[in-house]
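Per this note's numbering, residue 1 is the first one in the sequence shown, and the count goes up by one each step.
Where a beta carbon is used, it is the ideal one built from N, C-alpha and C, also for glycine.
Since the model is a prediction, treat every value here as computed from it, not as a measurement.
Notes follow the structure.
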Amino acid sequence: MTNGQIQLPDADGVLRAYTPRTEPLPLTTGAPFTSRTVYSAAHVVADPYADTTPDSPAAVDWDATLAFRRHLWSHGLGVAEAMDTAQRGMGLDWAGAAELIRRSSAEAKAVGGLIACGVGTDQLSVTEVGYPYSLDEVRAAYEEQLALVEESGSRAILMASRALAAIAKGPEDYLEVYGHLLRQAAEPVVLHWLGPMFDPALEGYWGSTDLDAATSTFLEVIAAHPDKVDGIKVSLLDAQREIDLRRKLPDGVRCYTGDDFNYPELIAGDEQGFSHALLGIFDPLGPLAAEAVRVLDTGDTGGFRELLDPTVELSRHLFQTPTRFYKTGVVFLAWLAGHQEHFTMVGGLQSSRSLPHFARAYELADGLGLFPDPALAAARMKNLLSLYGVNQ
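Written as structure tokens, this is what we have:
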């Protein structure tokens, strides 16, 4: 191709010419946010030279992983650590997550970065007969992880538990387990409601597949311990449900949107309130998202939406069904942006999306000016295309 164009396959596999932009969006670091608390759920960088298999414990490049967290902190974003974006339960086991929490918490302390860490029960792995555990064992697994996060000096995010979803007989089991954890938590925690679109094993969480009934149980947990709940993170991809839920929260309990489809309107809010943010899409959008929030800090909601609304098409593309594979697109964009030197993921998850999916992700991200070095991104995109037999 001439004039710097790239041949990209579309959804039907037909090649067409795309002309990359030549300059990135001009973005700079700035003052801390004043109107919203914003976390980016950050990915981990695999060690590409490790001799592993998809079933092996994750081999992590710790230097590159921590460097990416420093990048997010430099723009004023908090880091939500060891969450599903970090392939928790999809390549990263509890031993790896524990090491990630220790290292990231120490790094946050060293640079003054905001951090909160995921607490789950992934020590309790699924067996041939499912999850053969008791409620006491689920609670003990949560307690072990909560203790580690608290010892690290980070805020805890109580994640949804696959084991609890499998063995709970009804809402009362959730009330018992979460009530026990909240009573013993040293500091207020974030409660995380992750929908089955992100993890099919969480179908029927809070004791019901009826979302209204599940919401009622969720609110009951919070109402019983409002002093122990900093906020809730909702990842159901249903904007109106999140709005309705946040309007029912006790005073002082925040709503952190986890809706990667509707985040601009939810963060902007309305006359009755707004959502803070804890988002996987703010991994690739970090600097742009930070710029938008600083505009919002001035009271310029229109300017905030003008910056952030155009990113939704990219987010919806990355989080398309099967949504749980969004992590592949996140790491792909980190590679194109120069935050890591390879496109390899723990568990071999780089194979979870198609070439047309990658091509569209590249085109949308480039159009937004997300790549600090567009020429590097274009060169890496060409390298990937060549591996699939598309020669430029």
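Using the Cβ count rule (16 or more neighbours within 10 Å means buried), how would you classify residue i?
i      : result
Arg183 : exposed
Leu387 : exposed
Pro264 : buried
Asp251 : exposed
Gln272 : exposed
Thr298 : exposed
Pro54  : exposed
Tyr174 : buried
Ala379 : exposed
Asp63  : exposed
Gly4   : exposed
Gly389 : exposed
Ala31  : exposed
Gly113 : buried
Lys228 : buried
Val14  : exposed
Asp366 : buried
Thr344 : buried
Ser351 : exposed
Glu306 : exposed
Val253 : buried
Here's a check: name, in chain order, each residue in its chain whose Cβ is nearer than 8 Å to the Cβ of residue i, leaving out the five neighbours to either side.
i      : result
Met1   : Legend: pLDDT at Met1 = 45, less than 50; position of this residue unreliable, no value from coordinates given.
Arg324 : Asp84, Met90, Met197, Phe198, Asp199 and Pro200
Tyr256 : Thr37, Tyr39, Val190, Gly231, Ile232, Lys233, Val234, Ser275, His276, Ala277 and Leu278
Phe304 : Pro264, Ile267, Ala268, Ala292, Val293, Val295 and Leu296
Ala396 : This structure leaves residue 396 out entirely; the chain is present only between 1 and 392.
Thr217 : Pro171, Tyr174, Leu175, Trp206, Gly207 and Ser208
Pro310 : Leu368
Val138 : Thr121, Leu124, Ser161, Ala163, Leu164, Ile167 and Val177
Assuming the contact rule is C-beta atoms closer than 8 Å, residue i and residue j should be a hit. Round their C-beta distance to whole Å, please.
i      : j      : result
Thr19  : Pro374 : About 11 Å; that fails the 8 Å criterion.
Lys233 : Leu266 : Lys233 to Leu266, Cβ: 12 Å. No contact.
Pro372 : Pro24  : 5 Å
Gly286 : His75  : 6 Å
Ile157 : Ala80  : 7 Å
Tyr326 : Phe332 : Wrong, their Cβ atoms sit about 10 Å apart, outside the cutoff.
Ala159 : His192 : It should be pointed out that residue 159 corresponds to Met in this sequence rather than to Ala. Right, the Cβ-Cβ distance comes to about 5 Å (below 8 Å), so this counts as a contact.
Pro284 : Ala334 : 7 Å
Could you check which residue in the options has the C-alpha nearest to that of residue i?
i      : options                           : result
His397 : Gly338, Asp283 and Phe358         : No answer is possible for residue 397: the residues shown for the chain start at 1 and end at 392.
Asp93  : Asp47, Leu124 and Gln350          : Leu124
Gly402 : Ala186, Gly112, Leu164 and Gly231 : What the structure shows of the chain is the stretch from 1 to 392, and residue 402 is not part of that stretch, so it cannot be assessed.
Val45  : Gly153, Thr65, Asp51 and Pro32    : Thr65
Gly407 : Ile281, Val138 and Phe304         : Examination of residue 407 is not possible in this model, given that the chain is present from 1 through 392 alone.
Asp212 : Ile222, Tyr178, Leu245 and Lys228 : Leu245
Gly116 : Thr127, Gln145, Leu135 and Asp136 : Gly is not the amino acid found at residue 116; the sequence shown has Ala there. Cα-wise, what sits closest to Ala116 is Gln145.
Ser152 : Asp136, Arg103 and Gly120         : Arg103
Gly195 : Pro322, Pro32 and Thr121          : Pro322
Pro188 : Val149, Gly78, Glu128 and Val312  : Val149
Ala147 : Ala185, Glu137 and Asp136         : Ala185
Ala82  : Phe68, Glu99 and Trp73            : Glu99
His339 : Leu376, Thr121, Leu314 and Ala166 : Leu376
Leu41  : Leu135, Ala67 and Gly78           : At residue 41 the sequence reads Ala, which differs from the Leu that was named. Of the candidates Leu135, Ala67 and Gly78, the one whose C-alpha sits nearest the C-alpha of Ala41 is Gly78.
Val129 : Ala289, Leu135, Ala166 and Ala67  : Ala166
Tyr142 : Gly348, Gly118 and Glu242         : Gly118
Thr301 : Thr29, Ser35 and Thr28            : Ser35
Ile422 : Trp73, Tyr133, Pro132 and Arg155  : Residue 422 lies beyond the range of the chain shown here (1 to 392); nothing can be said about it.
Need the endpoints of the beta strand (DSSP E) that residue i sits in, please.
i      : result
Trp193 : Val189 to Leu194
Gln184 : Not the beta strand (DSSP E): Gln184 falls in the alpha helix (DSSP H), residues Pro171 to Gln184.
Leu59  : The amino acid at residue 59 is misidentified as Leu; the sequence shows Ala. Unbroken run through Ala59: none, as it is neither H nor E.
Tyr142 : Segment Leu135 to Ser152 is the alpha helix (DSSP H) holding Tyr142; no beta strand (DSSP E) there.
Gly118 : Ile115 to Val119
Thr217 : Counting along the chain, Thr217 falls outside any beta strand (DSSP E), though it belongs to the alpha helix (DSSP H) covering Leu211 to Ala224.
Leu8   : Ile6 to Pro9
Tyr256 : Arg254 to Thr257
What is the residue span of the alpha helix (DSSP H) that residue i lies within?
i      : result
Ile243 : Ala239 to Arg246
Glu23  : No alpha helix (DSSP H) holds Glu23; DSSP gives it neither H nor E.
Lys233 : First-last for Lys233: Val229 to Ser235, but that is the beta strand (DSSP E), not the alpha helix (DSSP H).
Ala277 : Premise fails: Ala277 lies in the beta strand (DSSP E), His276 to Leu279, not in any alpha helix (DSSP H).
Thr328 : Tyr326 to Leu336
Val105 : According to the sequence provided, residue 105 is Ser. The question's Val does not apply to it. Element bounds for Ser105: Trp94 to Val111.
Ala377 : Pro374 to Leu387
Please go through the same chain and pick out, in chain order, the residues whose beta-carbon is closer than 6 Å to the beta-carbon of residue i, but skip the five residues on each side of it.
i      : result
Ser208 : Ala214
Asp12  : none
Asn383 : none
Using a Cβ-Cβ cutoff of less than 7 Å, which residues in the same chain neighbour residue i once the five nearest sequence positions on both sides are dropped?
i      : result
Arg247 : Gln272 and Gly273
Met381 : Ile6, Leu336 and Tyr362
Glu220 : Leu175
Gly96  : Pro57, Ala58 and Val60
Arg360 : His317
Ala223 : Pro250
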